[in-house]
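In the numbering used here, the protein residues as written are 133 to 327.
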Ligand code: SF4
Ligand code: SF4
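Here you go:
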């Protein structure tokens, strides 16, 4: 069997520098983050959002399907009953406590696929780093979308004459004239519950 040729090649170092020289003329990939932020792809999986109906009632019905679908055990939900005096969503139940732990979440999107009411979606926001684990647990108040025109903050009564189905068929397009926020009395214990 022939001996391997172990004589040093004179071209070896030149070939090594060749790699360096080639890289010098390539387009630079340095990103000036956070001064310059690159836009994400439209369907990028970022921070979650809890959505509302067009009159301001919440879409979440507290069913916990998102929590069961999550492979990282990052979601904690406690559902509660709506009453006519204190209504947060058009149906029977609403999400009283809702938390997502971003120290666990891998932004896979399985939770939004599992949600039957499209209450849970994902935004393009990706700046979720923090130095405290407690601050990485986002509460319902942080995840709930803001109010837009035509909405009244929950709790409040359903649109007169509309049932739950009318909301899901998109027949309610804004709060009825004169809709007023009800006095919230439900126990809000996001702060007390750890995820
Ligand atoms: S995106 Fe994935 S990991 Fe994050 S909460 Fe949803 S299911 Fe869990
Ligand atoms: S976000 Fe959707 S899946 Fe999760 S508890 Fe609310 S309604 Fe159910």
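Where a beta carbon is used, it is the ideal one built from N, C-alpha and C, also for glycine.
- Of the heavy atoms belonging to ligand 1, none sits nearer than 7 Å to the Cβ of residue 189.
- About 7 Å separates the CB atoms of residue 289 and residue 311; that is less than 8 Å, so the two are in contact.
- Excluding the 5 residues flanking it on each side, residue 165 has no same chain C-beta neighbour closer than 8 Å.
- Ranked by how close their Cα comes to the Cα of residue 205, the residues 256, 264, 241 and 262 have 241 in first place.
- Taking 8 Å as the cut-off, the Cβ atoms of residue 198 and residue 228 do not count as close.
- In this structure, residue 237 has its beta carbon less than 7 Å from a heavy atom of ligand 1.
- Exclusion of residue 166 from the 7 Å shell around ligand 2 follows from its C-beta lying no nearer than that to any non-hydrogen atom of the ligand.
- At least one heavy atom of ligand 1 lies closer than 7 Å to the C-beta of residue 203.
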